[in-house]
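Here is the structure we will look at, set down as structure tokens.
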Amino acid sequence: MPELPEVETTVRGIAPFLIGRKFSSVTVNQPSLRWPIPPDFSQRLENEICVSVIRRAKYLLIETETTKILSHLGMSGSFRLVDPQTPLKTHDHVQIQVGDLELRYHDPRRFGCLLWADSERARQLIDNLGPEPLSDVFCGEWLYRQSKRRHIAVKSFIMTNAVVVGVGNIYASESLFLAGIHPARQANRISQARYNDLAAQVKKVLACAIEAGGTTLRDFVNGQGEPGYFQQTLSVYGRDGDPCKKCHHAIGSRTIAGRNSYFCPRCQS
DNA sequence: ATCGGGACCTGCTTGC
DNA sequence: TGCAAGCAGGTCCCGA
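Numbering of the first sequence is given in my numbering, commencing with residue 1 and proceeding in unit increments.
See below:
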């Protein structure tokens, strides 16, 4: 799934084509996502003018003059803009006509969601989110303070949304490698100096990925339907057994809190 | 309060 | 070649 850079790339890709335009017709082909698409979705959205498209954590917020949608792409979701004549693909669950284009939500695994942002469910999802990784609030001192009495592995810690949003499995492994911290190290056993470095690496790796247009793994397609290409620059993720780019020792992998984790056993401690 | 694991789905890869 | 098991980038929710 799309991690934060993919969501950011999607927002940047679709926003210019939506803002100031009318959603002239809305069709829900499959309402059964992680939570059902609200039954009044099409009716309430039709003929609305889009006023903003922004990202918060890995959520997209699409606002019109009278309402706002909260969407998450789950593990396999994507939005793309196509010519309305383009044949539907399997798992194109929602179609929104906007100007002479059509915005389609596509999601094979249906772990994503489309909700009204003011619904109780949506509030629950966004109310307890931690700081954005690229904001000034997120820094080594913040991480160090949050890590007190946290016994979980540092990798799980930085993937916790209340600590910092938008750090998924790929970028957790990548930033820990760049900071030289072993992913299984207990969160409360790391100095502030090391957290300073880690925060800096998280910012760097996410900013680079956004710059590159997002990582493309199997399911991501950006707003124009073109793949990103950041996967070529990954240092450890998915490189089990390959040589470390710093020391040439073999990259290792292990499961941490149920997630595959990649690291260099020599460079990370 | 904190933590790990199951659950939600489909599709691709792998191994028999 | 065919089939079934295993696994995938997220994250909520439950039970320990």
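All C-beta atoms in this analysis are idealised placements derived from N, C-alpha and C, irrespective of residue type, glycine included.
Would you list the one or two residues that DSSP bridges to Ser-78? Here the question's residue 78 lines up with position 78 in the first sequence. Bridge partners of Ser-78: His-106.
If I follow the unbroken beta strand (DSSP E) through Trp-35, where does it start and stop? Locating residue 35 in the first sequence gives position 35, where the first residue counts as 1. Careful: Trp-35 lies outside any beta strand (DSSP E) and carries neither H nor E.
Would you report the Cα separation of Gly-238 and Asn-169, rounded to the nearest angstrom? Here residue 238 corresponds to residue number 238 of the first sequence, with the count starting at 1. Here residue 169 corresponds to residue number 169 of the first sequence, with the count starting at 1. Cα to Cα, Gly-238 sits roughly 11 Å from Asn-169.
List the DSSP bridge partners of Tyr-263. Taking the first sequence and counting its residues from 1, one reaches residue 263 at position 263. The sequence as given places Phe at residue 263; Tyr does not occur at that position. Answer is Gly-252, bridged to Phe-263.
With DSSP as the reference, label Val-98 as helix, strand or coil. Residue mapping note: residue 98 aligns to position 98 of the first sequence, counting from 1. In the structure shown, Val-98 sits in a strand (DSSP, three-state: E or B).
Decide if Ile-54 is buried, meaning its Cβ has at least 16 other Cβ atoms within 10 Å, or exposed. Position 54 of the first sequence holds residue 54. By the 10 Å Cβ count, Ile-54 comes out exposed.
Pick helix, strand or coil for Ala-207, following the three-state DSSP scheme. The residue given as residue 207 occupies position 207 in the first sequence. DSSP places Ala-207 in helix when its eight states are reduced to three.
In terms of residue numbering, what span does the alpha helix (DSSP H) encompassing Tyr-144 cover? Position 144 of the first sequence holds residue 144. Note, Tyr-144: alpha helix (DSSP H), 140-146.
Cutoff 6 Å; reference Ile-62; Cβ partners in own chain excluding five residues on either side: In the first sequence, counting from the first residue as 1, residue 62 sits at position 62. Only Val-53 and Ile-69 meet the Cβ criterion.
Just list the residues that DSSP pairs Pro-243 with in beta bridges. For this step, residue 243 is matched to residue 243 along the first sequence. Looking at the DSSP assignment, Pro-243 forms a beta bridge with Ala-250.
Whole-angstrom distance between Arg-185 and His-151, CA atom to CA atom: Mapped onto the first sequence, residue 151 falls at position 151. Mapped onto the first sequence, residue 185 falls at position 185. Looking at the two C-alpha atoms, the distance is approximately 9 Å.
Take the Cβ of Thr-10 as the centre, count every other Cβ of all protein chains shown within 10 Å, and call the residue buried at 16 or more, exposed below. The sequence position of residue 10 within the first sequence is 10, counting from 1. Buried, because 16 or more other Cβ atoms sit within 10 Å of the Cβ of Thr-10.
Buried/exposed call for Cys-247, threshold 16 Cβ in 10 Å: Start at 1 with the first residue of the first sequence, and residue 247 comes out as number 247. Per the 10 Å Cβ criterion, exposed.
Kindly indicate which three-state DSSP category Lys-22 falls into: helix, strand or coil? The residue given as residue 22 occupies position 22 in the first sequence. Of the three classes helix, strand and coil, the one that applies to Lys-22 here is strand, per DSSP.
To the nearest angstrom, report how far apart Tyr-229 and Ser-147 are at their CA atoms. Residue numbering aside, residue 229 sits at position 229 when the first sequence is read from its first letter. Residue numbering aside, residue 147 sits at position 147 when the first sequence is read from its first letter. A caution first: Tyr-229 carries a pLDDT of 46, below 50, which makes its placement in the model too unreliable to give a value.
Quick check: the segment 102-115 against the segment 172-179, are at least 3 beta-carbon pairs closer than 8 Å? no
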